[in-house]
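Here is the structure we will look at, set down as structure tokens.
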Amino acid sequence: MTAKKQQIPQAALENRPAGFGDDADLNRVAARYAVRVTPAVYDTIAKPAPDDPVALQYLPDARELSETPDELTDPIGDHSHSPVPGIVHRYPDRVLLMPVSRCAVYCRYCFRREKVGKGAGLLEPAQLDAALDYIRGNQNIWEVILSGGDPLILSPRRLSHILAELDKIDHIGVIRIHSRVPVADPGRITDALCTLLKKMQKPVYIAVHINHAQELSPAVETAFKKLHKAGCVLLSQSVLLKGVNNNAATLETLFRRLVSLRVRPYYLHHPDKAPGTAHFRLPLAEGQQIMRELRGRLSGLAQPVYMLDIPGGHGKIPLTPCYLSAEGDGIYQISDPSGRTHFYQD
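Next up, the structure:
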């Protein structure tokens, strides 16, 4: 079923928090952008709060019908860095392999929302072979990042084939998997999947996508434990979203919980300029101020890097606040975590 044929399930319309739009508007959203919400996600929504941080991430919203002139259908420039279908090669030593364009759930702020959830959703066998051949033929590639879509919704047979082929490539040092599944559909983290991951000879890192501590249900914690037992290293990726987590206290709670569950906070992304997502965006200065607040109150183990994907495909840059300014003659003015200023001389 393509996204254009979708309708919001009646149960979702009846049980959604107030303030997300009327039925007609929400079905217009579903006609353009993919919609899927798992039972596990519904269980973490505190109905009927209109500002629920989980509902805002997953439930369609009439505001998605409004677009701004600066929004882009391909905000991070995947297409211009794709030498063959299923591959995005933006940096010399790492490559994205995207074997699937479907997800267990669809986030309302997704930067690939114009692409995911449409058509068959899988690379054709010949396309997958060509993508793997591209990786085999490029000795500079050290890390392969499985993304999409969500690679953990693939059948065990297909995922096993992809991982086995990557495991054979000598110049590949690390395999990373980006996934919402451990958080949004933790029942998919089966014993069979973990057995498959445990067989890997190369280290496997799994970057779980999570934005709020409310998403950390007991089932999610169990999924994390199973992945750890399978030998995977867990990282987290979060997006700084207006109305969801754009304050230091909320992020502090999330990052502390993740570290306690042996998940290393890795990236905090500034939201991309995808169509219909303006209601999630906030100024860069606000994000930097939040990071300043976290720096003074949160262990370095729990500090992700605040990142911006430069619109148009020009790569990621850290948005780490600067704490020093050059005064000349090797003298610097430095701000400490409390905001006091000091001087340092080379």
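Every letter in the sequence shown is one number past the one before it in our numbering, and letter 269, counting from 1, is 269.
Ideal Cβ placement from N, Cα and C applies to all residues, glycine included.
With DSSP collapsed to three states, give me the class of residue i.
i	result
residue 335	strand
residue 295	helix
residue 87	strand
residue 100	strand
residue 32	helix
residue 116	coil
residue 37	coil
residue 152	helix
residue 240	coil
residue 122	strand
residue 163	helix
residue 269	strand
residue 168	coil
residue 282	coil
residue 59	coil
residue 220	helix
residue 52	coil
residue 108	coil
What distance in whole Å lies between the Cβ atoms of residue j and residue i, which are believed to be in contact at a cut-off of 8 angstroms?
i	j	result
residue 99	residue 148	7 angstroms
residue 56	residue 243	6 angstroms
residue 188	residue 145	Not confirmed; about 19 angstroms, so no contact.
residue 236	residue 264	7 angstroms
residue 207	residue 266	6 angstroms
residue 196	residue 160	5 angstroms
residue 182	residue 227	7 angstroms
residue 420	residue 143	Any answer about residue 420 is impossible in this case: the structure gives the chain only from 1 up to 346.
residue 102	residue 116	7 angstroms
residue 105	residue 36	5 angstroms
Can you name the residues that DSSP bridges to residue i?
i	result
residue 318	307
residue 174	143
residue 183	Its beta-bridge partners do not exist; DSSP assigns none.
residue 234	206, 263
residue 345	331
residue 213	Bridge partners of residue 213: none, in fact.
residue 79	Note: residue 79 sits in no beta bridge, so no partner.
residue 325	333
residue 94	91, 143
Let's test the definition: count the other Cβ atoms within 10 Å of the Cβ of residue i and tell me whether it reaches 16, buried, or not, exposed.
i	result
residue 179	buried
residue 140	exposed
residue 232	buried
residue 310	exposed
residue 322	exposed
residue 344	exposed
residue 64	buried
residue 247	exposed
residue 262	exposed
residue 334	exposed
residue 249	exposed
residue 114	buried
residue 289	exposed
residue 166	buried
residue 314	exposed
residue 108	buried
residue 346	exposed
residue 339	exposed
residue 112	buried
residue 157	exposed
residue 331	exposed
residue 287	buried
residue 294	buried
residue 23	exposed
residue 214	buried
residue 60	buried
residue 218	exposed
residue 52	buried
Measuring alpha carbon to alpha carbon, tell me which of the options ends up nearest residue i.
i	options	result
residue 277	66, 25, 193	66
residue 194	223, 144, 339	223
residue 191	181, 302, 229	229
residue 297	255, 326, 128, 260	255
residue 205	177, 122, 184, 129	177
residue 355	289, 288, 270	This structure cannot speak to residue 355, because the chain is shown only from 1 to 346.
residue 275	30, 23, 70	70
residue 45	216, 165, 128	216
residue 299	272, 36, 258, 196	258
residue 317	91, 102, 286	91
residue 97	39, 134, 109, 286	134
residue 93	198, 162, 126, 175	175
residue 132	251, 74, 164	164
residue 186	324, 75, 240, 225	225
residue 40	27, 54, 202	54
residue 268	138, 292, 42, 308	308
residue 252	130, 328, 292, 284	292
residue 283	241, 324, 50	241
residue 327	342, 202, 128	342
Could you confirm whether any beta carbon from chain C is found closer than 7 angstroms to the beta carbon of residue i?
i	result
residue 94	Given the protein chain composition of this structure (a single chain), no chain C is represented.
Taking 6 angstroms as the cut-off, is the beta-carbon of residue i closer than that to any non-hydrogen atom of the ligand GTP?
i	result
residue 302	By its list of ligands, the structure shown contains no ligand whatsoever, and the ligand GTP lies outside what it can speak to.
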